Amino acid sequence: MVSGATSPNGIQLGGCFNFRDLGGLPTASGTSIRERMLFRSDALVRLDRIDQRQLSDIGLRTIIDLRTPKEVDQQGMCSWYERDPETYAMPLVAWETLPTRSQSEGWRTPEPMIDAYRAMFAEGSEMIAAVLTLLATDAGMPAIIHCTSGRDRTAIVVAVLLGILGVPDEHIAEDYARSSAGMRRSLEWMRANDPVAMATIVKDEESMVYTPPEVMLGFLDAFRGDHGSFDDFVESIGRGAEVTRIRQLLTAGG
Numbered sequence: 012m013v014s015g016a017t018s019p020n021g022i023q024l025g026g027c028f029n030f031r032d033l034g035g036l037p038t039a040s041g042t043s044i045r046e047r048m049l050f051r052s053d054a055l056v057r058l059d060r061i062d063q064r065q066l067s068d069i070g071l072r073t074i075i076d077l078r079t080p081k082e083v084d085q086q087g088m089c090s091w092y093e094r095d096p097e098t099y100a101m102p103l104v105a106w107e108t109l110p111t112r113s114q115s116e117g118w119r120t121p122e123p124m125i126d127a128y129r130a131m132f133a134e135g136s137e138m139i140a141a142v143l144t145l146l147a148t149d150a151g152m153p154a155i156i157h158c159t160s161g162r163d164r165t166a167i168v169v170a171v172l173l174g175i176l177g178v179p180d181e182h183i184a185e186d187y188a189r190s191s192a193g194m195r196r197s198l199e200w201m202r203a204n205d206p207v208a209m210a211t212i213v214k215d216e217e218s219m220v221y222t223p224p225e226v227m228l229g230f231l232d233a234f235r236g237d238h239g240s241f242d243d244f245v246e247s248i249g250r251g252a253e254v255t256r257i258r259q260l261l262t263a264g265g
């Protein structure tokens, strides 16, 4: 049996492989991200009653689903048995914008991944603005942000959100690198439970688990080259009030 994903703050979901709590990450101002308020994950379609009870117990209110409509049609949605959180379909990019299989198989060096992330962000910046608006509402959190694997699109949205909150680049990159273990768990599950998908989808296992900190650090550098500071980006999309509210909700200490 392949074990699921364990949050560093004690939540273990048997139906996810790349789930974790972003709580505890430090900010440059001496605060930290509150625990059990914001999570990142791969798709939630395999959650069982035990998983859902844990999420219900923390008061989960919002699920932000970054998958495309085609992925949702192919993979399905989670059928909730316990408290039913609001799920928002917020595809970061169109299906045609996602890397092709041959492109993603070549992701063994930082540069092609940085370029792909930069393109995904450019395509999805309006959706990121919508995510900020949603999280700033009174019922926005606790929240989970997820895509299919939790590695790429989720990483982009989470990186920008953490950057806005003042988490230093090295900590954003360290969190990104943790997806390698989650991707390995996902491959183990596919090998044991879905050999057809394993044979048809997975052509290069090492590229699928390639998440070195250098990729995220490169994306953050590219982001600043394109948009200036995170505050500049927030101003450009007109979400200053929302970000102020999110900082109040998500940061503690200092």
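Numbering (my numbering), first residue to last: 12 to 265.
C-beta atoms are modelled at their ideal positions from N, C-alpha and C, and glycine is treated no differently.
None of the values given here were measured: they were computed from a predicted structure.
Taking a cut-off of 8 Å on C-beta distances, the stretch 35–47 touches the stretch 159–177, as three or more cross pairs fall below it.
In this chain, the alpha helix (DSSP H) harbouring I183 covers 180–188. Across the structure, E137 and S247 are spaced so that their CA atoms are roughly 11 Å apart. Within the same chain, N29, R162, T222 come within 6 Å of S190 by CB-CB distance, once the 5 residues on both sides are set aside. With respect to T98, I74 sits close: the two C-beta atoms are nearer than 8 Å. At a cut-off of 4 residues, the continuous stretches assigned as alpha helix (DSSP H) that sit fully inside the stretch 79–160 are 80–86, 112–116, 121–146.
Counting only residues of its own chain and dropping the five nearest sequence neighbours on each side, T144 has a CB closer than 8 Å to the CB of R250, E253.
In this structure, the alpha-carbon of L198 lies about 13 Å from that of T159. Annotation for S247: the continuous alpha helix (DSSP H) segment containing it runs 241–247. Restricting attention to G34, G21, G35, D53, the CA atom closest to the CA of C27 is found in D53. When the five nearest sequence neighbours on each side are left out, no beta carbon in the same chain lies closer than 6 Å to the beta carbon of D186.
Beta-bridge pairing by DSSP links Q65 to no other residue. Annotated as proximal: E134 and T108, with beta-carbon spacing under 8 Å. The residues M201, in chain order, have a CB closer than 6 Å to that of A208 in the same chain once the five nearest residues on each side in sequence are set aside. Assigned with DSSP and collapsed to three states, R31 falls in strand.
For S40, the secondary structure class from DSSP, reduced to helix, strand or coil, is coil. For L231, the enclosing alpha helix (DSSP H) starts and ends at 224–238. For V56 and H238, the gap between their C-alpha atoms comes out near 35 Å.
By the criterion of a C-beta distance shorter than 6 Å, P37 is surrounded in its chain by S43, once the five residues flanking it on both sides are discounted.
Beta-bridge analysis with DSSP links I74 to T98, I155. Taking E217 as the centre and dropping the five residues before and after it, the same chain places the C-beta of R119 closer than 7 Å to its C-beta, in chain order.
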